[in-house]
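Engineer:
Residue numbers (this note's numbering), protein chains in the order written: chain A, 1 to 115; chain B, 116 to 228.
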């Protein structure tokens with residue numbers, strides 16, 4: 001398995017500002033992902049973070065709003081830009097192991113509140 | 116794309132009883148089915164998974180069954196304990212792209228002592 005950490009764990013931000021969330025994995029991984037989870041809801045995939053190239057976004061999510069970086073195999077960032085109250089949510093990072101298994105592990109999440 | 120439906124949305128059982136959560140999927144190409152447990156304020160934790168070439172898998176009090184023909188899979192928890200109380204999510208992964216998961220809507224399990 002893998003241990004995934006996220007920073008910050010929570011934040012309260014003002015409308016119109018941006019927040020960058022960091023995700024660090026303690027072992028070699030292949031794929032890294034970013035999800036959004038509204039309170040009491042399921043997980044929605046935002047994008048796949050690709051190392052050294054642009055992230056692959058899911059329908060309804062765009063790079064200008066959620067720029068993602070992945071400078072190396074074990075680290076990725078998600079920025080939530082020009083925030084509005086509708087962006088209040090939990091943002092989760094996940095990763096699959098380089099061992100070739102299908103297992104996907106999640107970080108503890110970042111709870112974002114936009115006022 | 117794949118569509119995963121999960122039932123029930125809430126489940127309340129007495130400690131010691133069994134709990135069953137069911138999911139159906141739409142795409143016959145799906146061949147990996149994990150289950151996650153999410154406790155309040157935490158990220159989802161992988162608790163068990165099954166691949167399409169297997170019909171059943173057990174890990175102590177937890178088991179998962181898969182019916183490929185009917186396109187449904189289930190999580191079975193026996194001898195439930197209060198610490199099993201959490202939200203459980205099923206997911207399905209399309210065969211050619213194992214890493215993209217489609218999640219069910221979640222089941223809130225409450226185990227009453």
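Here a beta-carbon is modelled for each residue, glycine too, at the ideal position from N, C-alpha and C.
Just the C-alpha distance for residue 198 of chain B and residue 53 of chain A, rounded to the nearest angstrom, thanks.
Structural biologist: So the two alpha carbons sit approximately 42 Å from each other.
Engineer: Which runs of the beta strand (DSSP E) fall wholly inside the segment 48 to 77 of chain A and span at least 3 residues, in chain order?
Structural biologist: For the segment 48 to 77 of chain A, the continuous beta strand (DSSP E) assignments of 3+ residues that do not extend past its boundaries occur at 68 to 72, in sequence order.
Engineer: What residue does the beta strand (DSSP E) around residue 30 of chain A start on, and which one ends it?
Structural biologist: 29 to 37
Engineer: Taking residue 21 of chain A as the reference, which of A:1, A:79 and A:105 has the closest Cα?
Structural biologist: Cα-wise, what sits closest to residue 21 of chain A is A:79.
Engineer: Taking just the CA atoms, how far does residue 82 of chain A sit from residue 151 of chain B?
Structural biologist: 32 Å
Engineer: Any Cβ of chain B within less than 9 Å of the Cβ of residue 138 of chain A?
Structural biologist: In this structure chain A extends from 1 to 115, so residue 138 of chain A is not present and cannot be described.
Engineer: Grab the span of the beta strand (DSSP E) containing residue 171 of chain B for me, first residue to last.
Structural biologist: 171 to 174
Engineer: Residues in the segment 156 to 171 of chain B with C-beta within 9 Å of chain A's C-beta atoms, listed in sequence order?
Structural biologist: Against chain A - using a Cβ distance shorter than 9 Å - the residues of the segment 156 to 171 of chain B are 156, 157, 158, 159, 160, 161, 164 and 166.
Engineer: The beta strand (DSSP E) that contains residue 149 of chain B, what's its start and end?
Structural biologist: 145 to 153
Engineer: With a 10 Å radius around its C-beta and 16 neighbouring C-beta atoms as the bar for buried, classify residue 87 of chain A as buried or exposed.
Structural biologist: buried
Engineer: Roughly how many angstroms lie between the CA atoms of residue 140 of chain B and residue 120 of chain B, to the nearest whole one?
Structural biologist: 7 Å
Engineer: How long is the line joining the alpha carbons of residue 189 of chain B and residue 45 of chain A, rounded to whole angstroms?
Structural biologist: 23 Å
Engineer: Please confirm whether residue 157 of chain B and residue 109 of chain A have their CB atoms less than 9 Å apart.
Structural biologist: yes
Engineer: Out of A:94, A:112 and A:101, point me to the one whose CA is closest to residue 160 of chain B's CA.
Structural biologist: Cα-wise, what sits closest to residue 160 of chain B is A:94.
Engineer: Determine which residues share a DSSP beta bridge with residue 226 of chain B and list them.
Structural biologist: B:128
Engineer: At a CB-CB cut-off below 7 Å, which residues of chain A make contact with residue 218 of chain B?
Structural biologist: 42 and 43
Engineer: Just the chain A side, please: which residues come within less than 8 Å of residue 208 of chain B by C-beta, in chain order?
Structural biologist: Close partners of residue 208 of chain B in chain A (Cβ separation under 8 Å): 102.
Engineer: Of all the CB atoms in chain A, is at least one closer than 9 Å to the CB of residue 149 of chain B?
Structural biologist: yes
Engineer: What residue from B:179, B:168 and B:223 has the CA that sits closest to residue 200 of chain B's CA?
Structural biologist: B:223
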